[in-house]
Every structure is written in C-alpha cells, then in structure tokens.
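Peer 1:
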Amino acid sequence: MTVEKIDTLVIGAGQAGVAMSEHLSSLDVPHIVLERNRIAEQWRTARWDSLVANGPAWHDRFPGMEFEGHKPDDFVPKEQVADYLEAYAKKFNAPIRTGVEVKKVTRNTGGPGFIIETSEGVIEANRVVAATGPFQTPVIPPIAKNEKIVQIHSAEYRNPQQLPEGAVLVVGAGSSGVQIADEIQRSGKKVYLSAGPHDRPPRSYRNRDFCWWLGVLGEWDREAMEPGTEHVTIAVTGAHGSHGTVDFRALAHQGITLLGMTKEFKNGKVTFQEDLIENVERGNKNYMDFLDAADAYIERNGIELPEEPEARKVLPDPDCMTNPILELDLAEAGITSIVWATGFALDYRWLDVDAFDEQGKPKHQRGVSSEPGVYFVGQAWLSRRGSAFIWGVWHDAKHIAGHIATQRTYLAYTDPSQR
Numbered sequence: 000m001t002v003e004k005i006d007t008l009v010i011g012a013g014q015a016g017v018a019m020s021e022h023l024s025s026l027d028v029p030h031i032v033l034e035r036n037r038i039a040e041q042w043r044t045a046r047w048d049s050l051v052a053n054g055p056a057w058h059d060r061f062p063g064m065e066f067e068g069h070k071p072d073d074f075v076p077k078e079q080v081a082d083y084l085e086a087y088a089k090k091f092n093a094p095i096r097t098g099v100e101v102k103k104v105t106r107n108t109g110g111p112g113f114i115i116e117t118s119e120g121v122i123e124a125n126r127v128v129a130a131t132g133p134f135q136t137p138v139i140p141p142i143a144k145n146e147k148i149v150q151i152h153s154a155e156y157r158n159p160q161q162l163p164e165g166a167v168l169v170v171g172a173g174s175s176g177v178q179i180a181d182e183i184q185r186s187g188k189k190v191y192l193s194a195g196p197h198d199r200p201p202r203s204y205r206n207r208d209f210c211w212w213l214g215v216l217g218e219w220d221r222e223a224m225e226p227g228t229e230h231v232t233i234a235v236t237g238a239h240g241s242h243g244t245v246d247f248r249a250l251a252h253q254g255i256t257l258l259g260m261t262k263e264f265k266n267g268k269v270t271f272q273e274d275l276i277e278n279v280e281r282g283n284k285n286y287m288d289f290l291d292a293a294d295a296y297i298e299r300n301g302i303e304l305p306e307e308p309e310a311r312k313v314l315p316d317p318d319c320m321t322n323p324i325l326e327l328d329l330a331e332a333g334i335t336s337i338v339w340a341t342g343f344a345l346d347y348r349w350l351d352v353d354a355f356d357e358q359g360k361p362k363h364q365r366g367v368s369s370e371p372g373v374y375f376v377g378q379a380w381l382s383r384r385g386s387a388f389i390w391g392v393w394h395d396a397k398h399i400a401g402h403i404a405t406q407r408t409y410l411a412y413t414d415p416s417q418r
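Counting from 1, position 356 in the sequence shown corresponds to residue 355 in numbering that gives the first Met the number 0; the numbering is continuous, with no gaps.
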C-alpha cells in the first residue's frame, strides 16, 4: 500500500482551512488541505436561504481581498461568502483536495507524526491542523423526542415554505433563533419564540456598526468570556442591514409570542420557565450598557458623531410579557413544527489523540494543543472573542502557522558533526 507523506495536513476547507493554507504557503510549509465536501460547504448547504454575514463587508473578510460587487457596509449573502472563500483559495493556489473524508487520525507509534486514514488512502503527516469549525453536530435537546410533530434543527431550516401549515415554535434566542423566527412570522405564520438568557448589542449606533464599536472598545481582543456568560447567546443580525438591531419587545409587537426557556414536553403540552421578563430585561441592560460604553468612548476621545436619542427608547411591554405563558397545548395553539436553534456540539471522534478534556473539548493554548503536533483553528474563543469570525480566524491561523514554521526550524538544525 502506497502511503503519502506530507509535513502538515489541514483538515477542513472552510474559512479556517483556507486561512491556514494561506499562512502555511507564505512560510513555505509543505501541506495539503482535505475537505470531505466542497470549499466552504457549510456556508452553502448548512445555512438557511436568506442568511447574510453577521458583519459588514468591510469587516467580515480576509485582509488580502475585498468582496467583489459589494459596498463596504453591505451584509454579504451566504452563497457569495462561499464564493469569496473559494476565490481566495484560488488566489494563492491553495493545495485543497475536495471530496476526501478523514476517517481517523492516530499518532504514529515508533515514528514521527501521525497516521491519517482517509477515504482516498493513508497519509502520514508530521503535524495535523483540525480546521473543521465550531458548527459540527447540531444539538436538539431530547425533551420533545416523543412528540408527534415536525422537528428540525436550525442547520436543516431553509425557508418558511419547507414547514407544514400551522404555527411554529422556535426554541433559542441567539442570532439564528431570532432571524428564523422573524422570517417565519413575516411569511404569515404564527410564531412562538422561546427565549433564554441573551445579550443584544445594537446593530449600529451613532453611525458606527456594532463590529466597529467592538473594535475600538477592545472587545474583539478580549481573551476570555466573563464568568457566568458561557451559556448566554448573542442576538445580532445583518438581515435588515444597519437597522437590524434585535429588540425582543419589537418582535412581540410585530406578532411573535415570546416565551421563557423551554422546560418540558409531556402529553402534547410544553411548559416554560418563569424567566421571560428576566431574560428580556437582562438583554436590555446589556444593550444599554453598550450604548453607555460607546457614549463614554466618544466623549473621552472628543469624536464628533451624531447623537441618537431614539436608540434609548424602550417599547412598552407586550401582552406576552405582562401575562407570560407558562404552558402551551401544542394542538390548541396550532403548533405543527418546532425549529431548534439550540446550537452545536463539537465532534472530534475521528481525532484519536490526547488533546481533549473530560468534556471532549480541545485542550490548547491559542490553538496549539496539549498533544505535540496537533493544532486547532476556527473555534469560538480560540484566542479571543473574534476567533470564529472570518477576519479573526485569519489572525489565529497566522499564529499557528508561525508556531509550525518555528518547530520546523528546530527540527532542521544540524550539529557540527552533521554539517
């Protein structure tokens, strides 16, 4: 059996894999990138039809190339984000092989590096970079497994037309949940939205986008979440351009019925936690704190930006907040489908190395894992808050590529007797 040998193997050709390949190429590190589908496949087929990037075109891109045909403040549709990543890879002739699945990675006992079993044969590599991204296995809580009702994860949702006639329960108050709930409601369906703890920054404030504010306030470079915020989602969208600030009260006045966190399904009924008002108020406090920080920055630096008093107006509480619903009979409410916008879990079963903690999460420092020769890139909070964004993953990949190049330099050393 012929075994192919390479210095570094990158697994995954999404934004993380493409960025990784660019930096390895610039440092002359021999490598290949394996992708089981197409380049940027997740952007094409694991997102709903109307999805746009969550940041404007001037921000959500690699430093070396702008989005063709888009203005700096546009929010680029998902298909064109995928096209952008594919074009970027072609720009430097990235050695990407598509249609090749990695089945197992193990350490090469008695030799250097790793043995990689793929659908196209065996590869030996000195180093392995896992660039498979944060959206790996959709998570659907098992609480409704016995309900005879259509249930899909947000990764399977494409558009309102794929859902059966009737009302829809959307579970999850992050960016995906609120965008999907809004789209389904605007299509004419009755929507119930189960909202847990969340932050909701302004899409824009005083003529500056949310992404700009996070930059000047130093939030993108924050290296760790604040304690207790691990399960708090961020509700922000580019779906309505610069006017896309998520406001749960506004969603309710629009016609969406807000509910607390989903608690239990039993005998065709679903119950909810008594936390709706608390969750909405927490999100509102986060929003106001953000505006305060922005105003303080403007005053501190003497910047002239137009004031925006309208941004601080709070809509009156809708009926679903003054009289929270704690139980729904699915049939009586006419609910015929559930969309679970409940996130994703990591799945590294194919990576059989000692680089994970008890929960299966990678053990690493800025992407350099506890297992020598194994690296991670593309994960949320890999080195900073911005790590999972297109521009953030580019900077993380640069650091990891530099680490690999340094290791190669040490291994290339020869002592006087060898020269």
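The beta carbon of each residue, even a glycine, is placed where N, CA and C say it ideally should be.
Residues in the same chain with beta-carbon distance under 6 Å from V279, minus the five sequence neighbours each way, listed in chain order, please.
Peer 2: F247
Peer 1: Who are the Cβ neighbours of W349 in its own chain at under 8 Å, not counting the five residues just before and after it?
Peer 2: V101, K102, K103 and V104
Peer 1: What do you reckon, are the CB atoms on Y374 and G366 nearer than 7 Å?
Peer 2: Cβ distance < 7 Å, so Y374 and G366 count as in contact.
Peer 1: In this structure, does DSSP put N125 in helix, strand or coil?
Peer 2: Assigned with DSSP and collapsed to three states, N125 falls in strand.
Peer 1: Report the start-end ranges of each beta strand (DSSP E) in the region 348-415 that is 3 residues or longer and not cut off at the edges.
Peer 2: 373-375
Peer 1: Suppose you measure from the CA of F343 to the CA of A194; what does that come to, to the nearest Å?
Peer 2: 17 Å
Peer 1: With the cut-off set at 7 Å, would you say L192 and I334 are in Cβ contact?
Peer 2: no
Peer 1: Whose CA, out of E222, M320 and T408, lies closest to the CA of I255?
Peer 2: Of the residues E222, M320 and T408, the one whose Cα lies closest to the Cα of I255 is M320.
Peer 1: Can you tell me whether DSSP reads H69 as helix, strand or coil?
Peer 2: DSSP, reduced to helix, strand and coil, places H69 outside both helices and strands of the structure shown, so it counts as coil.
Peer 1: Name the one or two DSSP bridge partners that W339 has.
Peer 2: H152 and V170
Peer 1: Of the residues V352, S153 and P62, which one's Cα is nearest the Cα of R106?
Peer 2: When each option's Cα is compared against that of R106, the closest is V352.
Peer 1: Just to confirm the assignment, what range does the beta strand (DSSP E) spanning I276 have?
Peer 2: I276 -> not in any beta strand (DSSP E); alpha helix (DSSP H) instead, spanning L275 to N300.
Peer 1: Which residues share a DSSP beta bridge with G120?
Peer 2: In DSSP, G120 forms a bridge with T117.
Peer 1: Quick one: what does DSSP say D318 is sitting in, helix, strand or coil?
Peer 2: In this structure, D318 counts as helix in the three-state DSSP scheme.
Peer 1: Determine the DSSP secondary structure at H252, reduced to helix, strand or coil.
Peer 2: helix
Peer 1: For the beta strand (DSSP E) containing T105, list its first residue and its last residue.
Peer 2: Segment V101 to R106, the beta strand (DSSP E) holding T105.
Peer 1: List the whole-angstrom C-beta distance separating N285 from R202, where the pair is believed to meet the contact cut-off of C-beta under 8 Å.
Peer 2: Incorrect: roughly 14 Å between the Cβ atoms, too far for contact.
Peer 1: Quick one: is A330 buried, meaning 16 or more other Cβ sit within 10 Å of its Cβ, or exposed?
Peer 2: exposed
Peer 1: Mind checking which residues open and close the beta strand (DSSP E) that includes V235?
Peer 2: No beta strand (DSSP E) contains V235, which DSSP labels as neither H nor E.
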